[in-house]
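This report concerns only the one structure given below.
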Amino acid sequence: MHERAERLHQELLGSLARAIEVPTLVASLETRYIALLLGLYEISAANSADRRSHHAHAKGLSALLKTGTSPLDLLRIIRDGNRPDTNGLSGHCQGTQPRFRPRGIFSVPALSDGEECLDNLMLDLDSLQTRFSTAFDTGIFSPGLGEEISSLYERFSSWSSSRCPGFKPITVTHLKQSAVNSGIAAGCWPGRIDTYFDLYVAGVWNIVRTSQLRIIDMMVKMSDHHVDREASLHWIPRANAVVEDIMASIPYHLTDNLHAFIDEYATGEGINDRGKSLGGLLLMHPLYVASNFSFIPEKMRGYMKRCLLWIGKEMGLGQATLLVEAHDIDRSYLESGCVIIWAGFLG
């Protein structure tokens with residue numbers, strides 16, 4: 021199976037190389053899909069001994085889309101109307117809605133309707149985090165930075181609460197504490213279990229949640245810098261609530277039949293019927309990001325890492341295992357993976 025996959029991988033590489041040589045094919049959807057498939061293969065085949073070269077395909081996708089190498093650059097080309105396969109149609113989220121809008125990552129009505137657009141919230145977070153990183157490194161925080169960070173958190177919260185009912189998660193049950201308290205199996209964390217409209221919607225919610233955790237991380241670091249323990253502790257319950265939302269989404273991502281899994285939960289065997297690998301693909305980066313915040317309880321972080329190992333083993337996504345076992349994962353490696361996954365949202 022591995023040899024066949026490698027052979028098909030090489031064939032796709034050849035197809036991509038030939039397509040790039042033809043000017044009329046460079047900007048085609050087919051060429052982008054080939055680059056996307058190659059990147060997904062590298063994510064699946066990654067392991068501790070060979071991390072693979074998914075970053076090369078991420079750069080290729082960025083070049084085909086004529087954008088930068090950050091996943092947020094994919095949002096910018098939609099916002100600024102520069103997507104190469106939409107003939108320059110405007111994709112602005114704010115103000116008067118254009119008559120024709122190209123399909124973007126977060127441009128479906130359930131995501132962009134209302135006073136706030138998720139694309140703009142994500143871009144504002146990126147800009148704010150860049151400024152915060154500079155301030156944190158120098159120890160010089162500009163007046164009002166804390167209020168600005170806190171305000172952005174409230175904007176994300178307002179966006180979440182204002183979504184239409186069909187887009188919001190629906191709680192289907194609450195799992196009781198298992199008799200086995202240590203080493204909780206993937207999907208079996210006690211508490212709420214949520215279901216979603218589809219995996220795309222579930223994936224978007226966890227992107228929002230990890231964004232909220234990044235904001236909380238900034239506030240906690242700033243509070244610790246000023247030795248303001250009370251302010252730091254103010255954010256911990258919010259962080260725990262966000263993480264619990266992520267936890268509640270895990271069974272939906274990993275199981276093929278959520279209701280069957282709930283019925284079988286009492287056996288304590290964990291997930292017997294794994295879901296589509298897409299679920300693990302959308303879940304693994306949020307789990308990795310969340311599991312690395314020190315303000316999240318160690319037991320929760322350990323559980324998220326076990327879920328990543330499960331995704332790697334049971335869903336065949338080697339990068340999920342690598343994210344747990346490697347200790348030198350840098351930002352560019354993560355961003356390359358996100359570029360590949362988010363590019364798939366473009367349709």
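Using this note's numbering, you'd call the opening residue of the sequence shown number 21 and step up by one each time.
The beta-carbon is built from N, C-alpha and C at its ideal position, and this holds for glycine as well.
Given the structure is predicted, the values throughout are model-derived calculations rather than measurements.
Does leucine 366 come out as helix, strand or coil in the three-state DSSP assignment? DSSP places leucine 366 in helix when its eight states are reduced to three.
What residue range is occupied by the uninterrupted beta strand (DSSP E) comprising glycine 211? 211-215
Thinking glycine 166 and methionine 239 are a contact (beta carbons under 8 Å), I'd like their distance in whole angstroms, please. 7 Å
Could you tell me which whole alpha helix (DSSP H) segments of length 4 or greater appear in the stretch 182-254? If only uninterrupted alpha helix (DSSP H) runs of at least 4 residues are considered, those enclosed by the stretch 182-254 are 219-245.
State the DSSP-derived secondary structure class of arginine 294, mapped to helix, strand or coil. Arginine 294 falls in the strand class under three-state DSSP.
Label glutamate 62 either buried or exposed according to how many other C-beta atoms from any shown protein chain fall within 10 Å of its C-beta, with 16 as the threshold for buried. buried
Flag this pair as yes or no: are the beta carbons of tryptophan 179 and tyrosine 323 separated by less than 8 Å? no
Considering only C-alpha positions, which residue in the set Ile291, Gly357 and Trp362 is nearest to isoleucine 331? Isoleucine 331 has its Cα closest to that of Ile291, out of Ile291, Gly357 and Trp362.
Using a Cβ-Cβ cut-off of 6 Å (strictly less than) and excluding sequence neighbours within five positions of phenylalanine 365, which residues of its own chain qualify? Ile125
So alanine 222 packs on leucine 302, CB below 8 Å; how close in whole Å? Right, their Cβ atoms sit about 7 Å apart.
Threonine 341 by DSSP, collapsed to three states: which one? helix
Following the continuous alpha helix (DSSP H) through arginine 321, name the residue where it begins and the one where it ends. 318-334
Identify the continuous alpha helix (DSSP H) that holds serine 64 and give its terminal residues. 49-65
Inter-residue spacing [alpha-carbon to alpha-carbon] between phenylalanine 161 and isoleucine 360: 35 Å
CA-to-CA distance, proline 189 to leucine 233, given in whole angstroms: 19 Å
What does a CB cutoff of less than 8 Å around histidine 75 pick up in its chain, not counting 5 residues either side in sequence? Ser352, Tyr353 and Ser356
Which residue's Cα is closest to the Cα of leucine 138: Thr87, Leu84, Ser170 and Val228? Val228
Determine whether the beta carbon atoms of alanine 259 and isoleucine 316 lie at a separation below 8 Å. yes
Isoleucine 282 versus leucine 307: straight-line alpha-carbon distance, rounded: 22 Å
Enumerate in chain order the residues of its own chain whose CB-to-CB distance from arginine 321 is below 7 Å, with the five nearest sequence positions on each side excluded. Ser311
What residue range does the alpha helix (DSSP H) around histidine 74 cover? 74-84
Whose C-beta lies closer than 7 Å to the C-beta of serine 252 among residues of the same chain, with five residues either side of it excluded? So the list reads Val240, Ser243 and Asp244, once near-sequence residues are dropped.
Enumerate in chain order the residues of its own chain whose CB-to-CB distance from valine 309 is below 6 Å, with the five nearest sequence positions on each side excluded. Thr230
Cβ distance (whole Å) where glycine 207 is taken to contact leucine 274 below 8 Å: 5 Å
If you count every other CB in all the chains shown that lies within 10 Å of the CB of cysteine 184, and 16 or more means buried, which is it? exposed
Taking the alpha carbon of phenylalanine 313 as the point to measure from, which residue in Met335, Trp255 and Val224 has its own alpha carbon closest? Trp255
Under 8 Å by Cβ, that's how I've got alanine 8 and leucine 81 pegged, so tell me the actual separation to the nearest angstrom. In this structure the chain extends from 21 to 367, so residue 8 is not present and cannot be described.
Which of the three DSSP states is assigned to threonine 150 in this structure? Threonine 150 falls in the helix class under three-state DSSP.
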